[in-house]
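**Student:**
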Amino acid sequence: MKNEVENSPQSSSASGQKSTSSSSSFPLSFREIAGACGVVLGLLGGLLCVYFTMPVSDYSFLKLPKTLEDLQILRDHLESYTNDYTIQVLVGYCMVYIFMQTFMIPGTVFMSLLAGSLFGVYKGVALVVFTATAGASSCYFLSKLIGRPLVFFLWPDKLNFFQSQVAKRRNGLLNYMLFLRVTPTLPNTFINVASPIVDVPFHIFFFATSVGLIPAAFVTVRAGIALGDLHSMGDLYDFQSMATLFLIGIVSVTPTLMSNKDKT
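Under this note's numbering, the residue at position 61 of the sequence shown is numbered 61, and the numbers go up by one with no gaps.
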């Protein structure tokens, strides 16, 4: 989104016209549609490659889990394939996770639990952070291409709040983005699609995502190891886990707060 104040009235008017038109630019252009379709076809192509290199079998169990029971069934079936077809399982997992992140499909928390259950803590955390960062980056660029109308339609108030916070913290933007990634202050889905709209540079977005998601990924992946002990999603984030995440988030913005205090 362009800044509301420019150096000249003409540029301000032009910026306002551009923002207004881009926020309601339907239908999408051919280039924008082609870009979105290219992402979809690329991810689907990766899944097809995995499918055709797997042995002939009944794969009716392969579906996105919506409950812990669904996840346990999926885990039980995939365990038998993970040792013999490790590469295929890894590639398939990555394609599905990135696809879900790119197109804001709910359920990535189940995928994070699955990573812990299948691959253990350290490999699971590395896998979740990699796929979550790749999916978030894909969502960032897709939103930059075609996401402005959607963000304005779904979250107008939240977008205005986010834009004002980014503008106020421009000098310490990395610390602020780290804080948002570590804590549940704003949904990660919203951060992914709104960041390019409010002019968060990609290098800051990428670094904050890849580092800031590690604590939450560790909590979720570790819980996936004892998947059978989880009775509800409420068991995943207990008070201690949430308090730890907020403490890490506060530490991440402390340098910015101290810098602002010194200036005053």
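Just so you know, even glycine gets a beta-carbon here, dropped at the ideal spot from N, CA and C.
Label T53 either buried or exposed according to how many other C-beta atoms from any shown protein chain fall within 10 Å of its C-beta, with 16 as the threshold for buried.
**Tutor:** Burial is judged here by how many other beta carbons sit within 10 angstroms of a residue's own beta carbon; T53 has fewer than 16 and is exposed.
**Student:** By how many angstroms is the C-alpha of G35 removed from the C-alpha of G135?
**Tutor:** 15 Å
**Student:** Throw me the rounded Cβ distance for the V129 and V193 pair, which I believe falls under 8 Å.
**Tutor:** Rounded to the nearest angstrom, the Cβ distance from V129 to V193 is 20 Å, too far for a contact under 8 Å.
**Student:** With a CB to CB cut of under 7 Å and the five nearest residues on each side skipped, what residues in its chain are close to P9?
**Tutor:** Note that P9 scores a pLDDT of 41, beneath 50, so its modelled location is shaky and nothing firm can be said.
**Student:** Helix, strand or coil: which one does DSSP assign to F103?
**Tutor:** coil
**Student:** Going by other Cβ atoms of all chains shown within 10 Å of its Cβ, with 16 needed for buried, is N171 buried or exposed?
**Tutor:** exposed
**Student:** Looking only at its chain, what residues have a beta carbon closer than 7 Å to the beta carbon of Y140, apart from the 5 residues adjacent to it on each side?
**Tutor:** N192, S195, P196, F202 and F205
**Student:** Using a Cβ-Cβ cut-off of 6 Å (strictly less than) and excluding sequence neighbours within five positions of M100, which residues of its own chain qualify?
**Tutor:** Only T108 meet the Cβ criterion.
**Student:** Candidates V166, G116 and T102: which alpha carbon is nearest K144's?
**Tutor:** The shortest C-alpha separation from K144 is found at T102.
**Student:** Which of the three DSSP states is assigned to N192 in this structure?
**Tutor:** helix
**Student:** According to DSSP, is G120 helix, strand or coil?
**Tutor:** The three-state secondary structure of G120, taken from DSSP, is coil.
**Student:** For L180, which of L142, A167 and F162 has the nearest alpha-carbon?
**Tutor:** F162
**Student:** Throw me the rounded Cβ distance for the R75 and L118 pair, which I believe falls under 8 Å.
**Tutor:** 7 Å
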